[in-house]
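Here the sequence shown is numbered in the numbering used here, starting from 210 and rising by one per residue. Glycine included, each C-beta is placed from N, C-alpha and C at the ideal position.
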Amino acid sequence: MATTEKVKGRQNRHRRVRKKVIGTPDRPRLAVFRSNRHIYAQVIDDVSGRTLASASTLVAASGDDPTARAKAVGTDVAAKAKDAGVTSVTFDRGGFIYHGRVAAVAEGAREGGLQF
210 MATTEKVKGR QNRHRRVRKK VIGTPDRPRL AVFRSNRHIY AQVIDDVSGR TLASASTLVA
270 ASGDDPTARA KAVGTDVAAK AKDAGVTSVT FDRGGFIYHG RVAAVAEGAR EGGLQF
């Protein structure tokens, strides 16, 4: 399957960011992935390799506005992270531009009580 130049560029940006952004037990990584139809968010402890909390538009949000659905994913993952004892995270935008749905996930997570 041929990967487009756009996808390759995003993957390169993500690799470059992941050299510096590491999730620790004290401050795990909030990773965001955006597909054409859905958006996914995970709180990850990279030291132990565990996912502490996750949310996506597959289950969490309904409605027509993709930005509103992304914001709901942010608040949902923040609530699950707080249940897991996480209050502070490092944001990993996954090589995507911090704009639109990716920014909405971050806003929702902040409203849910997570600190970046």
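Is it buried or exposed, residue i, if we count other Cβ atoms within 10 angstroms and call 16 or more buried?
i	result
D274	exposed
D254	buried
T266	buried
R225	exposed
V256	exposed
V295	buried
Our contact map puts residue i next to residue j with C-beta atoms below 8 Å; I'd like the distance itself, whole angstroms only.
i	j	result
V230	A290	About 17 Å separates the two Cβ atoms, so there is no contact after all.
G303	V241	5 Å
V298	F325	6 Å
R329	I248	The structure shown does not extend to residue 329, since the chain is modelled only from 210 through 325, so no value can be given for it.
Would you list the one or two residues that DSSP bridges to residue i?
i	result
D292	DSSP output for D292 lists no bridge partner at all.
F300	L239
With distances taken between CB atoms, is the gap from residue i to residue j smaller than 7 Å?
i	j	result
F300	A315	yes
A250	A264	yes
L261	P237	yes
R243	F305	yes
T284	G232	no
| message | Which complete alpha helix (DSSP H) runs does the segment 210–277 hold, if anything under 4 residues is left out? | response | Runs of the alpha helix (DSSP H) inside the segment 210–277: 214–227.
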